[in-house]
């Protein structure tokens, strides 16, 4: 092997090694992300759902992330919960209005259907969504989407 | 610089829908510098490997990979905010202003001029919008936003804080900037109208 070929091999080897290192870092961060963010998201969902007027006196327990095998890509984050002893799901969806994009919290329970609980991460969790430029039409659209997917998708496994 | 001023002022259009809080502005400014550094590093690698033929492909791929990395890092620290911003983190990676900044880094005597002014523009837009709409300034936190009430009453400027309003203000800002450059107030006419 000539010297030039050796040097070229070293160069490309170094770049390939850096690329593999980067992929390992990305995978590690993604795994860490999945584990760490669930705690914060569960806390945020708890705050929003407990402040919702229709859930004030209803016992609610958020147990963790729901493995969204049957839900597919549309939903970024799904948490499993127990609402008065019945299985429920809490779905986080980004809703974009006139004044920004906010994480909206929806709760789905088979008998109750899908209900919009509020916007997460804000000072007033049950502040009017219209105040943030999000229309009722946009909320209803997402509710119908969640109801359809969760109602017809089948069983969802829990963590 | 005439065409670049248009690109500069209107180049943040893709993230206008989400650039409403100071917290959002800070996250996008951090991303801009992160991707800028990744772009500079990529150019260095391209020169090292001497692969000028596929330079642009490698550059864009590295910037997208850096955006993915940034998305994961911010997802760990600010998971609630990232639900709303997630898609825009990737959209921002395709910003033409980023590409121009990276290109100018090696060509210009003042390589950080464009990135610094763009960061200032992002910050100004985010602060103005939040003040106009909510009267607050917010910082990112694990569970969402931490807001500080700056203006105790509601300003009648909500429209100017909306996406449409801020685009109009950007256009006015561009007109003022070009007038300042020429040293006189430019008329509200296009170059084609002036020619005829």
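Chains as they are written, first to last, in this note's numbering: chain A, 22 to 180; chain B, 765 to 960.
The beta carbon of each residue, even a glycine, is placed where N, CA and C say it ideally should be.
Assuming residue 141 of chain A and residue 126 of chain A form a contact by the criterion Cβ under 8 Å, report the distance between their Cβ atoms to the nearest whole angstrom. Taking the first residue of the first chain as 1, we reach residue 141 of chain A at position 120. Taking the first residue of the first chain as 1, we reach residue 126 of chain A at position 105. Right, their Cβ atoms sit about 5 Å apart.
If we call anything under 8 Å between Cβ atoms a contact, is residue 921 of chain B one with residue 898 of chain B? Locating residue 921 of chain B in the second chain gives position 157, where the first residue counts as 1. Locating residue 898 of chain B in the second chain gives position 134, where the first residue counts as 1. No, Cβ-Cβ distance for residue 921 of chain B and residue 898 of chain B is not below 8 Å.
Contacts that residue 925 of chain B makes with chain A (C-beta to C-beta distance below 7 Å): Locating residue 925 of chain B in the second chain gives position 161, where the first residue counts as 1. Correct list: 120.
How many whole angstroms separate the CB atoms of residue 102 of chain A and residue 81 of chain A, which I take to be in contact at a CB cut-off of 8 Å? Mapped onto the first chain, residue 102 of chain A falls at position 81. Mapped onto the first chain, residue 81 of chain A falls at position 60. With 8 Å as the limit, residue 102 of chain A and residue 81 of chain A qualify as a contact, their Cβ atoms being about 6 Å apart.
At least one CB of chain B closer than 8 Å to the CB of residue 54 of chain A: is that the case? Sequence index remark: in the first chain, residue 54 of chain A carries index 33 (1-based). Judged by the 8 Å Cβ criterion, residue 54 of chain A is in contact with chain B.
Compare the beta carbon distance of residue 866 of chain B and residue 930 of chain B with 8 Å and say whether it is the shorter of the two. Locating residue 866 of chain B in the second chain gives position 102, where the first residue counts as 1. Locating residue 930 of chain B in the second chain gives position 166, where the first residue counts as 1. No, these two residues do not count as a Cβ contact at 8 Å.
Determine the closest residue to residue 840 of chain B out of A:134, A:27, A:54, A:171, with distance taken between C-alpha atoms. Within the second chain, residue 840 of chain B is the residue found at index 76, counting from 1. It is A:54 whose Cα lies nearest to the Cα of residue 840 of chain B.
Quick one: what's got a C-beta closer than 8 Å to residue 832 of chain B's C-beta in the same chain, skipping five residues either side? The residue labelled residue 832 of chain B in the question sits at position 68 within the second chain. Excluding sequence neighbours, residue 832 of chain B sits near 854.
Residues of chain A with CB closer than 7 Å to the CB of residue 907 of chain B, please, in chain order. Taking the second chain and counting its residues from 1, one reaches residue 907 of chain B at position 143. Those are 61, 64, 65, 142, listed as they occur along chain A.
Quick one: which unbroken beta strand (DSSP E) runs of 3-plus residues sit fully inside the segment 43 to 120 of chain A? Chain order, please. 81 to 88, 98 to 104, 107 to 118
Who are residue 905 of chain B's beta bridge partners in DSSP? For the purposes of this step, residue 905 of chain B is taken as residue 141 along the second chain, with counting starting at 1. The partner list for residue 905 of chain B (beta bridge, DSSP) reads B:908.
For residue 838 of chain B, does the three-state DSSP call read helix, strand or coil? Working through the second chain from its first residue, we reach residue 838 of chain B at position 74. In this structure, residue 838 of chain B counts as helix in the three-state DSSP scheme.
Alpha carbon to alpha carbon, what distance is there between residue 916 of chain B and residue 48 of chain A? Translated into the one-based positions of the first chain, residue 48 of chain A becomes position 27. Translated into the one-based positions of the second chain, residue 916 of chain B becomes position 152. The alpha-carbon atoms of residue 48 of chain A and residue 916 of chain B are separated by roughly 45 Å.
Classify residue 940 of chain B as helix, strand or coil using the three-state DSSP reduction. For this step, residue 940 of chain B is matched to residue 176 along the second chain. Residue 940 of chain B: helix per DSSP, three-state reduction.
Just tell me which of B:788, B:799, B:923, B:881 has its CA closest to the CA of residue 843 of chain B. Position 79 of the second chain holds residue 843 of chain B. Among B:788, B:799, B:923, B:881, the Cα nearest to that of residue 843 of chain B is on B:788.
Tell me which residues of the segment 835 to 856 of chain B have at least one Cβ-Cβ distance to chain A shorter than 7 Å, keeping chain order. 836, 837, 839, 840, 843, 844, 845, 847, 848, 849, 850
Within the same chain, show all residues whose beta-carbon is closer than 6 Å to that of residue 828 of chain B, passing over the 5 residues directly before and after it, in chain order. The sequence position of residue 828 of chain B within the second chain is 64, counting from 1. So the qualifying residues of the chain are 857.
Residue 47 of chain A: contacting residues in chain B (beta-carbon distance under 7 Å): Within the first chain, the letter at position 26 stands for residue 47 of chain A. Simply 832, 833, 836.
Own chain partners of residue 800 of chain B with C-beta closer than 7 Å, once the 5 adjacent residues on each side are dropped: In the second chain, counting from the first residue as 1, residue 800 of chain B sits at position 36. For residue 800 of chain B, where only same-chain residues beyond five positions count, the Cβ hits under 7 Å are 862, 865, 866, 879.
Hey, would you say residue 70 of chain A sits closer than 8 Å to residue 138 of chain A, going by beta carbons? For the purposes of this step, residue 70 of chain A is taken as the residue at position 49 of the first chain. For the purposes of this step, residue 138 of chain A is taken as the residue at position 117 of the first chain. Yes. Within cutoff.
Nearest chain A C-beta to residue 862 of chain B closer than 8 Å, yes or no? Sequence index remark: in the second chain, residue 862 of chain B carries index 98 (1-based). Chain A contact via Cβ: absent.
Taking the DSSP output, what are the residues bridged to residue 913 of chain B? Along the second chain, read from residue 1 onward, the residue named residue 913 of chain B stands at position 149. Answer is B:900.
Residue span of the beta strand (DSSP E) that contains residue 137 of chain A, given as start and end: To locate residue 137 of chain A, count along the first chain from 1; it is residue 116. Start and end: 134 to 140.
Against chain B, with Cβ distances strictly below 8 Å, would residue 180 of chain A count as a contact? As a working mapping, residue 180 of chain A is identified with position 159 in the first chain. Residue placement at residue 180 of chain A is flagged as unreliable, the pLDDT there being 41, under the threshold of 50; the coordinate-derived value follows with that caveat. For residue 180 of chain A, the answer is no, since every Cβ of chain B falls outside 8 Å of its Cβ.
For residue 948 of chain B, does the three-state DSSP call read helix, strand or coil? Along the second chain, one-based indexing puts residue 948 of chain B at 184. Residue state, collapsed to three classes: coil.
Excluding the 5 residues preceding and the 5 following residue 830 of chain B in the sequence, name in chain order all residues of the same chain whose CB lies nearer than 7 Å to its CB. Translated into the one-based positions of the second chain, residue 830 of chain B becomes position 66. So the list reads 798, 799, 802, once near-sequence residues are dropped.
Can you pull the chain B residues whose beta carbon is under 7 Å from the beta carbon of residue 156 of chain A, in chain order? On the first chain, position 135 is the one that residue 156 of chain A refers to. Residues of chain B passing the Cβ test: none, with the nearest at roughly 13 Å.
With 16 other Cβ atoms within 10 Å as the buried cut-off, status of residue 947 of chain B: As a position in the second chain, residue 947 of chain B is number 183, starting the count at 1. The residue in question, residue 947 of chain B, is exposed, as its Cβ has fewer than 16 Cβ neighbours within 10 Å.
Along chain A, in chain order, which residues have C-beta atoms closer than 7 Å to that of residue 785 of chain B? By one-based count along the second chain, residue 785 of chain B stands at place 21. Going along chain A in sequence order, the residues near residue 785 of chain B (Cβ under 7 Å) are 121.
Contact with chain B by residue 51 of chain A, beta-carbon distance below 8 Å: For the purposes of this step, residue 51 of chain A is identified with residue 30 of the first chain, where counting begins at 1. Chain B contact via Cβ: present.
Classify residue 144 of chain A as buried or exposed, calling it buried when 16 or more other Cβ atoms lie within 10 Å of its own Cβ. Residue mapping note: residue 144 of chain A aligns to position 123 of the first chain, counting from 1. Under this definition residue 144 of chain A is an exposed residue.
If we ignore side chains and look at the alpha-carbon of each, how far apart do residue 737 of chain B and residue 63 of chain A end up? For residue 737 of chain B there is no data in the structure shown, the boundaries of chain B being 765 and 960.
Enclosing alpha helix (DSSP H) for residue 865 of chain B [first to last residue]: One-based indexing of the second chain puts residue 865 of chain B at position 101. Its alpha helix (DSSP H) spans residues 860 to 871.
Starting from residue 97 of chain A, find everything on chain B with Cβ-Cβ shorter than 7 Å and list it in chain order. To locate residue 97 of chain A, count along the first chain from 1; it is residue 76. Ordered by position in chain B, the residues that pass the 7 Å Cβ test against residue 97 of chain A are 847, 850.
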